[in-house]
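K.L.:
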Amino acid sequence: MECRSPRGRLRSRRSSSSSTARCVRRFSHPRSDKGKRVKQKAATIVLLPLICGALNAQVKTGADLLFEKYFHLIEGKSVGLVTNHSGLLSNGKHLADALFEDKRVKLGALFGPEHGIRGDAPDGRSITHGADAKTGVTVYSLYGSVNKPTEEMLTGIDVLIYDIQDVGVRFYTYTSTLSYTMEAAAEGKIPYIVLDRPNPIRGLWVEGFVREDSLRSFVGLHPVPIAYGMTVGELATMFNDEGWLKDGVRASLTVIEMDGWRRTMWYDQTGVRWVKPSPNMPTLKTAVVYPGTCLIEGTNLSEGRGTDRPFEYLGAPFVDGKKWADALNAQGLSGVRFEPVEFTPQSIPNVTSRPKHEGKPCGGIFVRVTDRDTYEPVKVGVYILTTAKKLFADSLRWRERSIDRLSGTPTLRMSIDAGVTPERIVSMWEGEVGRFKKIRQKYLLY
1013 MECRSPRGRL RSRRSSSSST ARCVRRFSHP RSDKGKRVKQ KAATIVLLPL ICGALNAQVK
1073 TGADLLFEKY FHLIEGKSVG LVTNHSGLLS NGKHLADALF EDKRVKLGAL FGPEHGIRGD
1133 APDGRSITHG ADAKTGVTVY SLYGSVNKPT EEMLTGIDVL IYDIQDVGVR FYTYTSTLSY
1193 TMEAAAEGKI PYIVLDRPNP IRGLWVEGFV REDSLRSFVG LHPVPIAYGM TVGELATMFN
1253 DEGWLKDGVR ASLTVIEMDG WRRTMWYDQT GVRWVKPSPN MPTLKTAVVY PGTCLIEGTN
1313 LSEGRGTDRP FEYLGAPFVD GKKWADALNA QGLSGVRFEP VEFTPQSIPN VTSRPKHEGK
1373 PCGGIFVRVT DRDTYEPVKV GVYILTTAKK LFADSLRWRE RSIDRLSGTP TLRMSIDAGV
1433 TPERIVSMWE GEVGRFKKIR QKYLLY
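Position in the sequence shown (first residue = 1) + 1012 = my numbering.
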């Protein structure tokens, strides 16, 4: 039986048994003689008031529910925490600080993704191991020369916890850190707990090419579309049960689900405080356009780093912003308006170091989303690229390795070079997205 109540609860996926219940509350699922789950109308009736009562509720994250309901899972243990600055409780306290101060557990080690534990390292900068300035606990960097915890790093750790705010996009590297730390936990036979958080751009958008096997990288570890429409807890169960971890290992996985979250919710409808997930993701508006405009990173166009509107401002010194905006507006794309803009990228301490075209005035466009419910970010990204190629062919250049890894395929780049229409390019991913949705459906927790 699938549990659809949005109440906070546990989901366990364990490597020791393929028959482990999907939904673990304080009861077991009734089963038939053959071991299959038995659907009961009574259970549905009981859950309906919970669903209705949670529609306008403040969303509680897995981190808050860990302290409210599930602390017994870690009590008396040495905890390894995979987190960054986004791992906050509703009272504003960082999870690392809360665990460090709680005498019922020992905070044994911290593991930081791209941008570090406190989130103050610029994009792409390698981070070294050290000690957390606030707690003094050892911090191991998982971005740079090491992406996966070693056996030595996990010595003395009884349980590994993951609590990082994601943005729902394949090339956002936090989900690669999720996968690698799950893998290390499975190999070390260490229980793994995911504290679930909202997908800021809702749990509905499934868009873009599925990553091809030959393009597996830290910005595309698993075969999912650019926008996958899942929470990190849902992703973790998929990584585990689809056998996507190295050598098919399976973690002893528990997901502490959110209370009150629905797939239709934008982040600003959850009541959860917005903390920019990374230095160049300052607002929810940034996250909305990011699945499509981040593709600009695979060109010599500026993606707006070094401005106050990264991923919303796009351009270059050779771009005529009005011409580009007019051409895009003529396409009649839903939920978006393109406006000419001029900007000059600059290095910003702890945000952006040496952005493209630093110090050079750029012509470009401002991607203004007018209706986020009808906006299709990856589709818009394709139109932006095809139009730029048509207008500025003499100056536009690909960063081939980057664009292929971001899009997950060389098909996008090669199709644009061949003059294929954006409508046709968008249609190319429909089949693989449909197949992915069938896999995805099995792991939706909300």
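Each residue gets a CB set at the ideal place from its N, CA and C atoms; glycine is no exception.
A quick note: this is a predicted structure, and the numbers were derived from the prediction, not measured.
#1: Can you grab the Cα-Cα spacing for the pair L1022 / R1321, in whole Å?
#2: Give me the Cβ distance between F1183 and L1418, rounded to the nearest whole Å; I'm assuming they're in contact under 8 Å.
#3: Would you mind working out which of I1129, R1262 and T1243 sits nearest L1207, comparing C-alpha positions?
#4: In whole angstroms, give me the CA-to-CA distance for R1037 and K1372.
#5: How far does the alpha helix (DSSP H) with T1266 in it reach, from first residue to last?
#6: Given a cut-off of 7 Å on the beta-carbon distance, is the pair T1399 and L1340 in contact?
#7: Return the CA-CA distance between R1447 and S1365, expressed in angstroms with no decimal places.
#8: Return helix, strand or coil for C1329, following the three-state DSSP convention.
#9: Once DSSP output is grouped into helix, strand and coil, what is the label at E1444?
#10: Could you please give me the residues that DSSP links to Y1152 through a beta bridge?
#11: Does the distance from the CB of G1148 to the CB of G1120 come in under 7 Å?
#12: Note down, in chain order, each residue of its chain lying with its Cβ closer than 7 Å to the Cβ of I1474, except the 5 sequence neighbours on either side.
#13: Got a sec? Which residues, its chain only, sit under 7 Å from K1449 by beta carbon, not counting five neighbours each side?
#14: Could you name the residues of the same chain whose beta carbon sits closer than 7 Å to that of Y1279, not counting the 5 residues immediately before and after it, in chain order?
#15: Can you give, in chain order, each stretch of the beta strand (DSSP E) that sits fully within the region 1261 to 1319 and has at least 3 residues?
#16: Per DSSP, what are the beta-bridge partners of K1258 in this structure?
#17: Are the CB atoms of F1323 and T1298 within a distance shorter than 7 Å?
#18: Output needed for L1345: all residues of its chain with C-beta closer than 7 Å, excluding positions within five of it in sequence on either side, in chain order.
#19: For G1168 and S1090, which I take to be in contact (beta-carbon distance under 8 Å), what is that distance rounded to the nearest angstrom?
#20: In angstroms with no decimal places, state the Cα-to-Cα distance between R1116 and G1088.
#21: Among F1083, L1078 and M1426, which has the Cα closest to the Cα of L1100?
#22: If you count every other CB in all the chains shown that lies within 10 Å of the CB of P1203, and 16 or more means buried, which is it?
#23: Which class does T1187 belong to by DSSP, given the choice of helix, strand or coil?
#24: For I1360, write down the residues that DSSP places opposite it in a beta bridge.
#25: On a Cα-Cα basis, can you pick out the residue from S1314, D1383 and R1275 that is closest to L1326?
P.N.:
Reading off the structure:
#1: On the sequence shown, residue 1022 is found 10 positions in, with the first residue counted as 1. On the sequence shown, residue 1321 is found 309 positions in, with the first residue counted as 1. Roughly 38 Å separates the two Cα atoms.
#2: If you number the sequence shown from 1, residue 1183 lands on position 171. If you number the sequence shown from 1, residue 1418 lands on position 406. Rounded, the Cβ-Cβ distance is 5 Å, consistent with contact.
#3: The sequence position of residue 1207 within the sequence shown is 195, counting from 1. Of the candidates I1129, R1262 and T1243, the one whose C-alpha sits nearest the C-alpha of L1207 is T1243.
#4: Indexing the sequence shown from 1 puts residue 1037 at position 25. Indexing the sequence shown from 1 puts residue 1372 at position 360. Caution is warranted here: a pLDDT of 32 is assigned to R1037, below 50, making its placement in the model unreliable, and the coordinate value is therefore given only provisionally. Computed Cα separation, rounded: 58 Å.
#5: Taking the first residue of the sequence shown as 1, we reach residue 1266 at position 254. Counting along the chain, T1266 falls outside any alpha helix (DSSP H), though it belongs to the beta strand (DSSP E) covering L1265 to I1268.
#6: Looking up residue 1399 in the sequence shown gives position 387. Looking up residue 1340 in the sequence shown gives position 328. Taking 7 Å as the Cβ cut-off, T1399 and L1340 qualify as a contacting pair.
#7: Here residue 1447 refers to the residue found at position 435 of the sequence shown. Here residue 1365 refers to the residue found at position 353 of the sequence shown. Each residue's alpha carbon lies about 40 Å from the other.
#8: For the purposes of this step, residue 1329 is taken as the residue at position 317 of the sequence shown. The sequence shown places Pro at residue 1329, rather than the Cys named in the question. Correct three-state label for P1329: coil.
#9: In the sequence shown, counting from the first residue as 1, residue 1444 sits at position 432. In this structure, E1444 counts as helix in the three-state DSSP scheme.
#10: Locating residue 1152 in the sequence shown gives position 140, where the first residue counts as 1. BP columns for Y1152 point to F1123.
#11: Against the sequence shown, residue 1148 aligns to sequence position 136. Against the sequence shown, residue 1120 aligns to sequence position 108. No, these two residues do not count as a Cβ contact at 7 Å.
#12: What the structure shows of the chain is the stretch from 1013 to 1458, and residue 1474 is not part of that stretch, so it cannot be assessed.
#13: Numbered from 1 along the sequence shown, position 437 holds the residue referred to as residue 1449. Taken in chain order, the residues that qualify are V1218.
#14: Along the sequence shown, read from residue 1 onward, the residue named residue 1279 stands at position 267. If we look at Y1279 and ignore the five residues flanking it on each side, its Cβ neighbours are P1210, P1212, W1286 and L1296.
#15: 1265 to 1268
#16: Within the sequence shown, the letter at position 246 stands for residue 1258. BP columns for K1258 are empty, so no partner.
#17: Working through the sequence shown from its first residue, we reach residue 1298 at position 286. Working through the sequence shown from its first residue, we reach residue 1323 at position 311. Going by C-beta atoms, T1298 is nearer than 7 Å to F1323.
#18: Taking the sequence shown and counting its residues from 1, the one referred to as residue 1345 is at position 333. Within the same chain, Cβ atoms closer than 7 Å to the Cβ of L1345 are found at V1392 and Y1395, the five residues on either side in sequence being excluded.
#19: The sequence position of residue 1168 within the sequence shown is 156, counting from 1. The sequence position of residue 1090 within the sequence shown is 78, counting from 1. Their Cβ separation, rounded to whole angstroms, is 6 Å, which keeps G1168 and S1090 in contact under 8 Å.
#20: Taking the first residue of the sequence shown as position 1, residue 1116 is located at position 104. Taking the first residue of the sequence shown as position 1, residue 1088 is located at position 76. Cα to Cα, R1116 sits roughly 6 Å from G1088.
#21: Your numbering for residue 1100 matches position 88 in the sequence shown. Cα-wise, what sits closest to L1100 is L1078.
#22: Here residue 1203 refers to the residue found at position 191 of the sequence shown. Buried, by the Cβ-count rule.
#23: Indexing the sequence shown from 1 puts residue 1187 at position 175. The answer is helix: DSSP assigns T1187 an H, G or I state.
#24: Translated into positions along the sequence shown, residue 1360 becomes position 348. In DSSP, I1360 forms a bridge with T1364.
#25: Walking along the sequence shown from the start, residue 1326 turns up at place 314. For L1326, the closest of S1314, D1383 and R1275 by C-alpha to C-alpha distance is S1314.
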